[in-house]
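Counting from 245, one number per residue, gives the positions in the sequence shown under my numbering.
By construction, the Cβ of each residue, glycine as well, lies at the ideal position given by its N, Cα and C atoms.
Nothing here was measured: the structure is a model prediction, and the numbers come from that model.
For reference, the structure discussed in these notes is given below.
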Amino acid sequence: MKYPLVTIGVTCYNNERYINTCIDSILNQTYQNVEIIVVDDYSIDNSIFILQQYKNRIRLIQHEKNSGGLLQGRRDVISAASGEFIHHLDADDFLQPEFVSRMVDECLSDPQLDWVAGNVNVVDIDGKLVDQWDYKGFPSDPVQGLFRGYHTTSVPVPKNGIFKLSFIRDYKLSWYQLPHTTQGEDAYTCIKYLECNPKIKLIPDFLMNLRVHFQNMSANVLERIKMVIDLKEYYINHFNEMVYLFNPKLLRLVYNSDEYLALKYYTIAKDFLNAKENFGIPPYFKSEETENEINNNLWLFDDPIRKYAELSLRYSDSYSDELKLILAKTGENTMDVSNVVSSLITEGQRRLTEGDFNMARTSFETALNESSDSVEALRGLGEVFYALNDKKEAETHFASALELNPEDPQTLNNVGVIFHDRKEYTNAEAVFLKALSIDAHSAETYFNLCDLWGTTWSTTPPEPRRKQNLLDAVGF
């Protein structure tokens with residue numbers, strides 16, 4: 245029987261107290277074909293000295309400076325892994341002896357599986373069991389479960405199980421960090437993976453031990469609330485509402501009609517209010533200090549509540565009575581136009597990505613009606629017209645956007661594309677280079693510049709500078 249190699253990646257930073265337990269739990273697995281990769285993020289305690297004692301049993305990657313979080317360590321593991329399957333483990337956590345064996349058995353029983361996850365034991369700093377996270381009541385659709393679960397603490401995340409490494413690499417996946425907090429990277433990564441529609445199986449075994457540290461929970465409350473908001477916003481902007489909301493009433497309405505959108509945004513506003521009213525932490529974390537921190541930071545939910553309530557009212561007043569009650573719970577009944585414009589632009593961008601050009605145009609035009617000097621709305625309309633092959637109208641809107649902000653790199657990129665279409669190569673190059681001088685990390689502009697140079701090189705020998713720029717762009 246074939247026993248595929250399993251990579252277990254451990255991220256370590258100043259974990260001298262727990263790293264032995266972690267590594268030993270891997271070495272003591274009943275399943276033997278395991279590769280251990282440990283990434284030390286420039287520990288300043290005795291972690292490295294302890295890890296050196298395992299030098300013949302592990303692959304050690306040492307950072308030359310601290311990266312500030314788990315992100316780089318996780319990515320290092322993914323890049324270095326040789327196994328058919330991969331599992332990520334923090335240096336203060338540890339595994340049950342049969343963890344790998346059970347996970348591999350499930351994967352081998354169904355070769356189509358991309359991800360197998362189990363239940364979790366929660367232990368204190370001394371390894372004593374304080375809780376268990378059991379997912380038997382979790383919705384069969386993990387996207388719905390994650391969206392609804394993010395005012396609580398217990399959701400399946402990548403650390404609970406193993407992934408098929410080919411799934412990660414085939415889809416060019418990595419490890420990800422939310423925009424406003426370093427917390428929740430595992431949950432955010434889970435969502436990014438779910439976008440690729442993996443085949444998942446949850447098993448009932450408690451195979452992974454998650455260690456909790458009580459002393460730092462009060463400091464983490466603010467970051468946890470930011471995490472909840474960031475994750476929900478990502479769902480709203482990247483998934484169809486029927487995936488994460490599944491409100492049956494939506495099925496009875498014409499898709500994307502005013503009544504449909506009013507109900508959609510009303511439901512989202514209500515969900516954020518529910519998250520605010522039910523936000524909590526496990527009972528073993530509760531103290532007077534943490535309760536005060538929660539109460540002091542729940543106001544962060546008010547902005548998204550107001551944003552989606554106001555957006556619902558823009559489409560229809562069908563839920564006005566309910567929304568007034570919702571807005572009253574934020575301590576404010578007024579509507580913020582900037583929130584509405586931002587939501588309309590986000591909606592327009594999503595519809596544009598989906599190819600729903602009529603709805604995208606409607607969203608951008610409505611945003612302009614609210615704020616006539618919105619560069620993002622003008623640019624979005626230009627992109628809609630370009631997609632509809634009305635390049636003259638597209639150029640008009642891009643020009644209007646640049647009148648308001650001549651340094652907007654995305655609009656400059658779009659103008660460069662139009663110059664390229666016209667075979668005005670010198671102008672196109674100048675505009676792309678200007679965009680990159682403003683935003684040196686725009687992969688789209690680099691790509692367009694490479695495409696331009698590829699077009700012109702067939703007739704014009706490249707200058708040495710241009711050749712080096714192209715090599716740099718490819719490296720980007």
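- Quick one: complete beta strand (DSSP E) runs, 3+ long, within the segment 314-340? List check, beta strand (DSSP E) in window: 329-334.
- Message: Please return the same chain residues whose Cβ sits closer than 8 Å to the Cβ of Glu308, not counting the five positions on each side in sequence.
- Response: Here residue 308 corresponds to residue number 64 of the sequence shown, with the count starting at 1. Hits under 8 Å: Tyr286.
- Message: At the level of alpha carbons, what is the spacing between His332 and Gln316?
- Response: Position 88 of the sequence shown, counted from the start, is the residue given in the question as residue 332. Position 72 of the sequence shown, counted from the start, is the residue given in the question as residue 316. The alpha-carbon atoms of His332 and Gln316 are separated by roughly 13 Å.
- Item | Top-ranked residue by Cα proximity to Phe338, from Gln306, Leu373 and Arg301 | Looking up residue 338 in the sequence shown gives position 94. Nearest option by C-alpha distance: Leu373.
- Residues that Gly253 bridges to, as DSSP identifies them: Along the sequence shown, one-based indexing puts residue 253 at 9. Its beta-bridge partners are Ile281 and His332.
- For the segment 295-315 and the segment 365-380, state whether three or more C-beta atom pairs, one from each stretch, are separated by less than 8 Å. No, the segment 295-315 does not touch the segment 365-380.
- Simplified DSSP state of Phe516, which is helix, strand or coil: To locate residue 516, count along the sequence shown from 1; it is residue 272. Phe516 falls in the helix class under three-state DSSP.
- Task: Note down the Cα distance separating Ala621 from Ser587, rounded to an integer number of angstroms.
- Result: As a working note, residue 621 is residue 377 in the sequence shown. As a working note, residue 587 is residue 343 in the sequence shown. A straight line joining the alpha-carbon of Ala621 with that of Ser587 spans about 11 Å.
- Message: Considering just the uninterrupted stretch of the alpha helix (DSSP H) at Lys635, what are its terminal residues?
- Response: Working through the sequence shown from its first residue, we reach residue 635 at position 391. Taken as a continuous stretch (DSSP letters only), the alpha helix (DSSP H) holding Lys635 covers Lys635 to Leu648.
- Query: With a CB to CB cut of under 6 Å and the five nearest residues on each side skipped, what residues in its chain are close to Asp358?
  - Reply: Mapped onto the sequence shown, residue 358 falls at position 114. Counting only Cβ-Cβ distances below 6 Å, and skipping sequence neighbours, we find Lys408, Phe411, Pro442 and Lys443.
- Return helix, strand or coil for Asn453, following the three-state DSSP convention. On the sequence shown, position 209 is the one that residue 453 refers to. Per DSSP, reduced to three states, the secondary structure at Asn453 is strand.
- Whole angstroms is fine: what's the gap from Asn264's alpha carbon to Val675's? The residue labelled residue 264 in the question sits at position 20 within the sequence shown. The residue labelled residue 675 in the question sits at position 431 within the sequence shown. Near 56 Å, if we compare the C-alpha coordinates of Val675 and Asn264.
- Item | Which listed residue (Tyr432, Val472 and Ile288) has its alpha carbon closest to that of Asn258 | Start at 1 with the first residue of the sequence shown, and residue 258 comes out as number 14. Ranked by how close their Cα comes to the Cα of Asn258, the residues Tyr432, Val472 and Ile288 have Ile288 in first place.
- Tell me the start and end of each unbroken beta strand (DSSP E) in the segment 489-567 that is at least 3 residues and wholly inside, in chain order. Listed in chain order, there is nothing to give.
- Hey, how far is the Cα of Tyr247 from the Cα of Glu342? Residue numbering aside, residue 247 sits at position 3 when the sequence shown is read from its first letter. Residue numbering aside, residue 342 sits at position 98 when the sequence shown is read from its first letter. Taking the CA atoms as reference points, Tyr247 sits about 14 Å from Glu342.
- Query: For Gly592, does the count of other Cβ atoms within 10 angstroms reach 16, so buried, or fall short, so exposed?
  - Reply: As a position in the sequence shown, residue 592 is number 348, starting the count at 1. Residue environment for Gly592: buried (at least 16 other C-beta atoms within 10 angstroms of its C-beta).
- Query: Pairing CB atoms from the segment 682-689 with CB atoms from the segment 643-655, are three or more of them under 8 Å?
  - Reply: Yes, they touch.
- Message: With distance defined between alpha-carbon atoms, name the residue in Tyr275, Phe293, Ile252 and Glu279 nearest to Arg261.
- Response: For this step, residue 261 is matched to residue 17 along the sequence shown. Nearest option by C-alpha distance: Phe293.
- Message: Measuring only the C-alpha atoms, how far is Ile280 from Val364?
- Response: Translated into positions along the sequence shown, residue 280 becomes position 36. Translated into positions along the sequence shown, residue 364 becomes position 120. Just so you know, the alpha carbons of Ile280 and Val364 end up roughly 21 Å apart.
- Message: Less than 6 Å between C-beta atoms, sequence neighbours within five positions excluded: which residues of the same chain meet that for Leu542?
- Response: The residue given as residue 542 occupies position 298 in the sequence shown. Excluding positions up to five away in sequence, the list reads Lys520.
- Query: What three-state label does DSSP hand Leu693 in the structure shown?
  - Reply: By one-based count along the sequence shown, residue 693 stands at place 449. Three-state result, Leu693: helix.
- Query: So what's Thr578 in DSSP terms, helix, strand or just coil?
  - Reply: By 1-based counting over the sequence shown, the position of residue 578 is 334. Any reading at Thr578 must be qualified, since the residue scores a pLDDT of 47, below 50, and its modelled position is unreliable; the value itself is stated next. Note: Thr578 maps to coil in three-state DSSP.
- Item | Span separating the alpha-carbon of Asn633 from that of Lys403 | As a working note, residue 633 is residue 389 in the sequence shown. As a working note, residue 403 is residue 159 in the sequence shown. The straight-line gap from Cα to Cα measures roughly 46 Å.
- Query: Nearest to Asp336 by alpha carbon, out of Arg455, Glu554 and Tyr420?
  - Reply: Counting from one through the sequence shown, the residue named residue 336 turns up at place 92. Nearest option by C-alpha distance: Arg455.
- Task: Determine, using beta-carbon pairs with one atom in the segment 530-538 and one in the segment 498-514, whether at least three such pairs fall under 8 Å.
- Result: With the cut-off at 8 Å, the segment 530-538 and the segment 498-514 do not touch.
- Query: Is it the case that the Cβ atoms of Asp334 and Thr255 are separated by a distance below 8 Å?
  - Reply: Counted from its first residue, the sequence shown places residue 334 at position 90. Counted from its first residue, the sequence shown places residue 255 at position 11. Result yes, Cβ atoms of Asp334 and Thr255 sit closer than 8 Å.
- What is the rounded straight-line gap between the Cα of Ile589 and the Cα of Lys380? For this step, residue 589 is matched to residue 345 along the sequence shown. For this step, residue 380 is matched to residue 136 along the sequence shown. Ile589 and Lys380: Cα-Cα distance of roughly 39 Å.
- Query: Hey, how far is the Cα of Thr397 from the Cα of Val465?
  - Reply: Here residue 397 refers to the residue found at position 153 when the sequence shown is read from its first residue. Here residue 465 refers to the residue found at position 221 when the sequence shown is read from its first residue. Interpretation of Thr397 is limited by its pLDDT of 42, a score under 50 that renders its predicted location unreliable; the figure taken from the coordinates is listed afterwards. Answer to the nearest angstrom: the Cα atoms are 12 Å apart.
- Should Gly405 be labelled buried (16 or more other beta-carbon atoms within 10 Å of its own) or exposed? In the sequence shown, the residue the question calls residue 405 occupies position 161. Burial call: buried.
- Spatial neighbours of Pro423 within its chain, please: CB distance less than 7 Å, with the 5 preceding and 5 following residues excluded, ordered by chain position. The sequence position of residue 423 within the sequence shown is 179, counting from 1. Scanning its chain for C-beta atoms nearer than 7 Å, with the 5 sequence neighbours on each side dropped, one finds around Pro423 the residues Asp474, in chain order.
- C-alpha gap between Leu646 and Leu446, whole angstroms: As a working mapping, residue 646 is identified with position 402 in the sequence shown. As a working mapping, residue 446 is identified with position 202 in the sequence shown. When rounded, the distance between both Cα atoms is 51 Å.
- Cβ-Cβ separation, Ser556 to Ala513 (assumed contact under 8 Å), whole Å: Here residue 513 corresponds to residue number 269 of the sequence shown, with the count starting at 1. Here residue 556 corresponds to residue number 312 of the sequence shown, with the count starting at 1. Rounded, the Cβ-Cβ distance is 6 Å, consistent with contact.
- Query: To the nearest angstrom, how far is it from the Cα of Ala631 to the Cα of Tyr488?
  - Reply: Your numbering for residue 631 matches position 387 in the sequence shown. Your numbering for residue 488 matches position 244 in the sequence shown. Rounded to whole angstroms, Ala631 and Tyr488 show a C-alpha spacing of 28 Å.
- Go ahead and pull the three-state DSSP assignment for Lys380. Position 136 of the sequence shown holds residue 380. Shown here, Lys380 sits in coil according to DSSP, grouped into three states, outside any helix or strand.
- Find the nearest neighbour of Tyr504 within the set Ile525, Phe483 and Arg558, judged by alpha-carbon distance. Translated into positions along the sequence shown, residue 504 becomes position 260. Minimum Cα distance to Tyr504 is reached at Arg558.
- Task: Return helix, strand or coil for Phe407, following the three-state DSSP convention.
- Result: What you label residue 407 is simply residue 163 of the sequence shown in a count that begins at 1. In this structure, Phe407 counts as strand in the three-state DSSP scheme.
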